[in-house]
Amino acid sequence: MIGNRIGLAVWLHSLKYVRQMRKYGNVHYASKRMKYVVLYCDGSTIDDTIERLESLHYVKLVSKSMRPFLKTEFQNAKPDKAKEYDYKMGI
1 MIGNRIGLAV
11 WLHSLKYVRQ
21 MRKYGNVHYA
31 SKRMKYVVLY
41 CDGSTIDDTI
51 ERLESLHYVK
61 LVSKSMRPFL
71 KTEFQNAKPD
81 KAKEYDYKMG
91 I
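All residue numbers for the sequence shown refer to UniProt numbering, where the first residue is 1 and numbers rise by one.
Structure representation (structure tokens):
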């Protein structure tokens, strides 16, 4: 089991290489129309994995997910005015 997972978006020239992506991590999603694969790998070896993926001839671009670095707790979140009026209708 992978402890610290980081997502990668791997853009491919052809989708026939999607099965080969499994040796680099867990394939979560593969888009046929846009030709990309969402891949989850171990966070400790992420730089090595990106270098190996970029060296493959069928890979266009590898981009790392920024979700672990974003703050998901928001301060001063204002409630929606429309929802407040819906709750007061029954009173």
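The C-beta atom is built at its ideal place from N, Cα and C for all residues, glycine as well.
Since the model is a prediction, treat every value here as computed from it, not as a measurement.
Pull up the CB-CB distance for residue i and residue j, whole angstroms please, since I reckon it's below 8 Å.
{"i": "residue 40", "j": "residue 10", "result": "About 11 Å; that fails the 8 Å criterion."}
{"i": "residue 21", "j": "residue 27", "result": "5 Å"}
{"i": "residue 50", "j": "residue 71", "result": "Contact doesn't hold; Cβ gap of about 24 Å is too wide."}
With distances taken from CA atoms, which of the options is nearest residue i?
{"i": "residue 59", "options": "4, 7, 14, 6", "result": "14"}
{"i": "residue 66", "options": "43, 31, 30", "result": "43"}
{"i": "residue 31", "options": "46, 12, 5", "result": "12"}
{"i": "residue 7", "options": "53, 38, 16", "result": "38"}
{"i": "residue 17", "options": "49, 57, 5", "result": "57"}
Under a Cβ-count criterion, where at least 16 other Cβ atoms within 10 Å of its own Cβ denotes burial, should residue i be classed as buried or exposed?
{"i": "residue 24", "result": "buried"}
{"i": "residue 61", "result": "exposed"}
{"i": "residue 3", "result": "exposed"}
So, does the CB of residue i fall closer than 8 Å to a CB anywhere in chain C?
{"i": "residue 8", "result": "The structure shown contains no chain C; it is built from a single protein chain."}
For residue i, which residues does DSSP report across the bridge?
{"i": "residue 7", "result": "40"}
Original post:
Along the chain, which unbroken stretches of the beta strand (DSSP E) at least 3 residues long are found entirely within the segment 11-50?
Top reply: Whole beta strand (DSSP E) segments, 3+ residues: 26-31, 36-42.
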